[in-house]
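Visitor:
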Ligand SMILES: O=C(O)CCC(=O)C(=O)O
Ligand SMILES: [Fe+2]
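Numbering (our numbering), first residue to last: 778 to 1090.
#1: Does DSSP classify residue 836 as helix, strand or coil?
#2: Could you pull out every unbroken beta strand (DSSP E) segment of at least 3 residues lying fully inside the segment 891-956, listed in chain order?
#3: Nearer than 7 Å: is that true of the beta carbon of residue 998 relative to any heavy atom of ligand 1?
#4: On a CA-only basis, which of 945, 917, 941 is nearest residue 832? Give me that one, please.
#5: Would you check whether ligand 1 has a heavy atom nearer than 7 Å to the C-beta of residue 920?
#6: Less than 8 Å between the C-beta atoms of residue 922 and residue 1010, yes or no?
#7: How long is the line joining the alpha carbons of residue 993 and residue 818, rounded to whole angstroms?
#8: Taking the alpha-carbon positions, what's the residue 805 to residue 837 distance?
#9: Cβ of residue 1160 within 7 Å of any heavy atom in ligand 1?
#10: Please state if the CB of residue 859 and the CB of residue 900 are separated by a distance shorter than 8 Å.
#11: Output needed for residue 915: all residues of its chain with C-beta closer than 7 Å, excluding positions within five of it in sequence on either side, in chain order.
#12: Excluding sequence positions up to five away, which residues of its chain have a Cβ less than 7 Å from the Cβ of residue 976?
#13: Going along the chain, which residues of its own chain have a beta-carbon closer than 8 Å to the beta-carbon of residue 827, five neighbours each way excluded?
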């Protein structure tokens, strides 16, 4: 490991000094943020009314357009209602959601400045018959990059931000969660995986709400019996030293990377899988609380941003 002092600029040392004086007082207040505390306790939090109707209408239309243009052999994984790689498919429509500052600011309080896009999915679950759905849930699981929890809170390695593009009702199929299952090593046998669970909480988010999860949280959808499409929009993030599921190699994502580079926009670059600060930040010596280090790095990223006329090209 490199010497810690060797990796710190003077300004950053001053910042660390400032925050270290607050560990006994202000830092406790910082940690006491109600949403963060709720998220750490339950394994999820709901942001209400993040997206408006106009925005969601564009996403629904995009989903229908993809459905109409992907029949038969062109259907991804033979499902003509499930579309991954949405940032590459529709960058102008999707980038504002991927880089939503409300959700990213919260993510950075949870995991620090290490948020990367893992995959972006737009889907419209078809309706099934009430008989087929009776007594069933879609399937309990923890999400990608999770592990069986240890009994203690650990930061998520990945997290989902899910928006249903209509309000969920019993007919549309609510989202079921088992609060605390990102901490408790709750296990399930095959029979339990498709049945309601005694400790579940059933969520009915409104259109435009965002459910922000911990990837260790056990959750399940519910079959859609509404007779309509069940629109689902999921931006899934992970830690910037993980692999990404969606590809960033296509021309649209590469164009976004060039745009972010011109602005020296580390936060955007990171989302796109380019974390230029990763090595020093992942080997910082770990001598202060992580949150203290994160604040300094977030400040540095903001300070580095150069937004010029030229950079906006
Ligand atoms: O509401 C659903 O269908 C479940 C979604 C889900 O499991 C997920 O987005 O990770
Ligand atoms: Fe899931």
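Where is the CB? At the ideal position from N, CA and C, for every residue including glycine.
Guide: The structure says:
#1: The three-state secondary structure of residue 836, taken from DSSP, is helix.
#2: 892-902, 935-941, 952-955
#3: yes
#4: 941
#5: yes
#6: no
#7: 12 Å
#8: Low confidence applies here, because residue 805 scores a pLDDT of 41, under 50, leaving its location unreliable; read the following figure in that light. C-alpha separation (whole angstroms): 43 Å.
#9: Only positions 778 to 1090 of the chain appear in this structure, which leaves residue 1160 out of reach.
#10: yes
#11: 997, 998, 999, 1000
#12: Take residue 976, set aside five residues on each side of it, and the residues of its chain with a beta-carbon closer than 7 Å to its own are 955, in chain order.
#13: So the list reads 877, 879, 880, 940, 985, 986, 987, once near-sequence residues are dropped.
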